[in-house]
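Note that the sequence shown covers residues 1300 to 1781 in this note's numbering. Even for Gly, the Cβ is constructed at its ideal location relative to N, Cα and C. Remember, predicted model here, so these are calculated numbers, not experimental data. Below you'll find the structure, written out as structure tokens, and then a few comments.
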Amino acid sequence: MNPVWLIAIPLALAFVSAFWRSVSGWALLVAAFFNAFAGVFGVMFLTATSFSIGGWKAPYGINLLVNDATKLLLPVANILFLFAVLSYLRKWEETKKYSVVFLVALASLNGILLTNDLFNLFVFLEIAGISAYLLASTGEGSGSKVASFKYLMIGSVGSLLYLLGVAVLYGAAGTLNISELAARISSGQISGDVTLVSSLLIVAGLGVESKLLPFNGWVPDVLTKSSRIATLVLASVYPLAMVNAFSKVLLAVGDDRVMSLVVLLGTATVLVGEVLAFSQKSLRRTLAYSSIAQSGLAIFLVGIGSVEAITGSIMLLINNALSKFMLFSVDDKVIDEVGRDDRDTLNGFGRKSPIVGVIFVVSAFSIAGMPLFFGFRGKLNAISASFETSMAVPIIILIAAAIEVTYYVRWIFTFFKPVGTAQTPEKRMVPSVEFLAFGLVLSTVIVFLGVSSGEAFMMFERAADSLVNGILAIGKAILGGM
1300 MNPVWLIAIP LALAFVSAFW RSVSGWALLV AAFFNAFAGV FGVMFLTATS
1350 FSIGGWKAPY GINLLVNDAT KLLLPVANIL FLFAVLSYLR KWEETKKYSV
1400 VFLVALASLN GILLTNDLFN LFVFLEIAGI SAYLLASTGE GSGSKVASFK
1450 YLMIGSVGSL LYLLGVAVLY GAAGTLNISE LAARISSGQI SGDVTLVSSL
1500 LIVAGLGVES KLLPFNGWVP DVLTKSSRIA TLVLASVYPL AMVNAFSKVL
1550 LAVGDDRVMS LVVLLGTATV LVGEVLAFSQ KSLRRTLAYS SIAQSGLAIF
1600 LVGIGSVEAI TGSIMLLINN ALSKFMLFSV DDKVIDEVGR DDRDTLNGFG
1650 RKSPIVGVIF VVSAFSIAGM PLFFGFRGKL NAISASFETS MAVPIIILIA
1700 AAIEVTYYVR WIFTFFKPVG TAQTPEKRMV PSVEFLAFGL VLSTVIVFLG
1750 VSSGEAFMMF ERAADSLVNG ILAIGKAILG GM
């Protein structure tokens, strides 16, 4: 299957939905199901790596790249998008209003994961960004509109900086193909000053969507004030595409001096995110700052750039997507039940529904990197790879990890704190079927990946190698064939 269909089908259905509103809900469901199944069965088993668009082969035309990283991230992103849509079938009229935006977001996120062209990536980033600004404004009250406007302002500056970085590279190399650019830089055909300037601009540009300090001021308000289905997509699916774009571009064209800066900024993002998450009294706001910290952790590993580091980055990225999907879903159930999600309100909530409590514990422990959970494997890789830098970096990462464990354990104790008495027993809560189904599936995946043997993690190493070495190898083949 040509992966361009993962972009074309949602875009076509978005166009239809814009003019035929009565089918917009069905169009969203069809696209979500198609991309989820095509992402698993159509992309994971592809043997070809490069797909030309319009009959023009690389580097002269736009091409889509399906490597081991794409085969891993793309199915996860599309499955989580499907789960997000199905989670809100009970509120379908509300979800259906934004079906065109969700369809465009789905198409652009797949485009970001697949493209191997810097300008094509810019186009998809712009489309995904506009969709995100609209999704961020879907919450109740004026707060979501203010958050969306702040996001729009910061995102617009980021897009401009990224485009300037691309223009600098194009002026020096005469190509926008990421693989060819990697080969030209590796062979010394592009001067160090050019790569330094372009890398700085690209880091600043992509750092906005990747939640990198100091470009992430928009994140807390967007993730706490947008509608709940929008938050699910923005917190779980968007980071997979955005951090992957950061990794793909910087590993291919990044200057070594800028990669050291990425390590510094990523480490600072982790520490600041964890400290701010620790100080929050609202669960949703805690999760928002935790999302910043997790993105920083994945990005600082990109700055190190070794296969071991990128393996950890991919593992942490996927673990964050799976766990945050469940954690924000639990927060939704809390708000549906009691209207708030502060610490006092959550006392004993896990006792009202033990299954919800278990799902919360599994996802919280995995994000915190506790043993027997998927996140533990990623944290181990991160700490091990961090010793390739200075001794200060692993110490900071360990301190941040300790802070993270502390506040998640505190939330778990709050969840299971006894509040009922013999005279006033705790009221039981029955979660929805879709919440139970998705929560149990994702919890099982997290535990399985946490306890499985090392052989199961070869796919993560292959994915990392395809980013660190594979893109460069394709570029050398392109140059050799010209």
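Where residue 1452 falls, given that 16 or more other Cβ within 10 Å makes a residue buried: Residue numbering aside, residue 1452 sits at position 153 when the sequence shown is read from its first letter. Exposed, because fewer than 16 other Cβ atoms sit within 10 Å of the Cβ of residue 1452.
Beta strand (DSSP E) segment containing residue 1363, residue limits: If you number the sequence shown from 1, residue 1363 lands on position 64. Note, residue 1363: beta strand (DSSP E), 1362-1364.
Residue 1607 versus 1348, 1664 and 1763, residue with shortest Cα-Cα distance: The residue labelled residue 1607 in the question sits at position 308 within the sequence shown. Selected option, being the one with the closest Cα: 1763.
Three or more C-beta pairs below 8 Å linking the region 1649-1665 and the region 1596-1615: Counting C-beta pairs closer than 8 Å gives fewer than three between the region 1649-1665 and the region 1596-1615, which falls short of the contact rule.
Cα-Cα separation between residue 1419 and residue 1361, rounded to whole angstroms: Counting from 1 along the sequence shown, the entry for residue 1419 is found at position 120. Counting from 1 along the sequence shown, the entry for residue 1361 is found at position 62. Taking the straight line from one Cα to the other gives about 7 Å.
Cut-off 6 Å between Cβ atoms - residues of its own chain near residue 1809, not counting five sequence neighbours on either side: Not covered by the structure: residue 1809. The range shown for the chain is 1300 to 1781.
Contact between the region 1392-1411 and the region 1305-1321 (3+ Cβ pairs under 8 Å): yes
Three or more C-beta pairs below 8 Å linking the region 1573-1584 and the region 1536-1551: Inter-segment contact for the region 1573-1584 and the region 1536-1551 is absent: fewer than three beta-carbon pairs are separated by less than 8 Å.
Pick from 1484, 1753 and 1715 that is closest to residue 1680, judged by C-alpha positions: Along the sequence shown, read from residue 1 onward, the residue named residue 1680 stands at position 381. Residue 1753 is the option with its Cα nearest to residue 1680.
Per-residue burial, residue 1534 [other beta carbons within 10 Å of its own, 16 or more giving buried]: For the purposes of this step, residue 1534 is taken as the residue at position 235 of the sequence shown. It is buried - the Cβ of residue 1534 has at least 16 other Cβ atoms within 10 Å.
Distance between residue 1430 and residue 1313 (C-alpha atoms, nearest Å): On the sequence shown, position 14 is the one that residue 1313 refers to. On the sequence shown, position 131 is the one that residue 1430 refers to. Their Cα atoms are separated by approximately 12 Å.
Complete alpha helix (DSSP H) runs within the region 1399-1461 (minimum length 4 residues, chain order): 1417-1435
For residue 1553 and residue 1504, believed in contact at Cβ under 8 Å, the rounded distance: Counting from 1 along the sequence shown, the entry for residue 1504 is found at position 205. Counting from 1 along the sequence shown, the entry for residue 1553 is found at position 254. A Cβ-Cβ distance of about 13 Å is found for the pair residue 1504 and residue 1553, leaving them out of contact under the 8 Å criterion.
Beta-carbon spacing of residue 1368, residue 1481 below 7 Å: Residue 1368 sits at position 69 when you count from the first residue of the sequence shown. Residue 1481 sits at position 182 when you count from the first residue of the sequence shown. No, they are not a contact pair.
Residues that residue 1515 bridges to, as DSSP identifies them: For this step, residue 1515 is matched to residue 216 along the sequence shown. For residue 1515, which the question treats as bridged, DSSP gives no partner whatsoever.
Residue nearest to residue 1301 in terms of C-alpha spacing, selected from 1310, 1329 and 1338: Numbered from 1 along the sequence shown, position 2 holds the residue referred to as residue 1301. The shortest C-alpha separation from residue 1301 is found at 1338.
Beta-carbon proximity list for residue 1506, same chain, < 6 Å, skipping 5 on both sides: Translated into positions along the sequence shown, residue 1506 becomes position 207. 1514.
Three-state secondary structure (DSSP) of residue 1525: Here the question's residue 1525 lines up with position 226 in the sequence shown. In the structure shown, residue 1525 sits in coil (DSSP, three-state: anything other than H, G, I, E or B).
DSSP-derived helix/strand/coil call for residue 1476: For the purposes of this step, residue 1476 is taken as residue 177 along the sequence shown, with counting starting at 1. Reduced to three states, the DSSP call for residue 1476 is strand.
Element boundaries [alpha helix (DSSP H), containing residue 1588]: Here residue 1588 is taken as the residue at index 289 of the sequence shown, counted from 1. Counting along the chain, the alpha helix (DSSP H) containing residue 1588 begins and ends at 1582-1603.
Classification of residue 1264 by the beta-carbon crowding that lies within 10 angstroms, buried from 16 upward: As displayed, the chain neither begins before 1300 nor continues past 1781, which places residue 1264 out of reach and without an answer.
Spatial distance of residue 1440 from residue 1536 (CA atoms): Against the sequence shown, residue 1440 aligns to sequence position 141. Against the sequence shown, residue 1536 aligns to sequence position 237. Each residue's alpha carbon lies about 25 Å from the other.
Residue 1759 to residue 1615 span [Cα, whole Å]: Counting from one through the sequence shown, the residue named residue 1759 turns up at place 460. Counting from one through the sequence shown, the residue named residue 1615 turns up at place 316. Their Cα atoms are separated by approximately 11 Å.
Beta-bridge partners of residue 1349, as assigned by DSSP: Position 50 of the sequence shown, counted from the first residue, corresponds to residue 1349. 1364, per the DSSP bridge assignment.
Of the listed residues 1707, 1669, 1478 and 1611, nearest to residue 1586 (C-alpha basis): As a first step, residue 1586 is located in the sequence shown; it is residue number 287 there, counting from the start. Cα-wise, what sits closest to residue 1586 is 1707.
C-alpha distance - residue 1592 paired with residue 1647, whole-angstrom precision: Along the sequence shown, read from residue 1 onward, the residue named residue 1592 stands at position 293. Along the sequence shown, read from residue 1 onward, the residue named residue 1647 stands at position 348. For residue 1592 and residue 1647, the distance between alpha carbons rounds to 27 Å.
Burial state of residue 1821, where buried means 16 or more other Cβ atoms lie within 10 Å: Given that the chain is displayed from residue 1300 to residue 1781, the structure contains no residue 1821 and the question cannot be resolved.
Residues near residue 1562 in its chain [Cβ-Cβ closer than 8 Å; skip 5 each side]: Within the sequence shown, numbered from 1, the residue matching residue 1562 stands at position 263. Answer for residue 1562: 1599, 1602, 1603, 1688 and 1692, listed in chain order.
Pair within 7 Å by beta-carbon distance, residue 1539 and residue 1621: Within the sequence shown, numbered from 1, the residue matching residue 1539 stands at position 240. Within the sequence shown, numbered from 1, the residue matching residue 1621 stands at position 322. Taking 7 Å as the cut-off, the Cβ atoms of residue 1539 and residue 1621 do not count as close.
Identified DSSP bridge partners for residue 1492: Translated into positions along the sequence shown, residue 1492 becomes position 193. Beta-bridge pairing links residue 1492 to no other residue.
Per-residue DSSP class, three states only, for residue 1764: On the sequence shown, position 465 is the one that residue 1764 refers to. If DSSP states are grouped into helix, strand and coil, residue 1764 belongs with the helices.
Counterpart residues of residue 1641 in DSSP-defined beta bridges: On the sequence shown, position 342 is the one that residue 1641 refers to. In the DSSP output, where bridge partners are listed per residue, residue 1641 has 1581.
Spatial neighbours of residue 1560 in its chain, beta-carbon cut-off 6 Å, leaving aside the 5 residues before and after: Here residue 1560 refers to the residue found at position 261 of the sequence shown. Closer than 6 Å at the Cβ level, and outside the excluded window around residue 1560, lies no residue.
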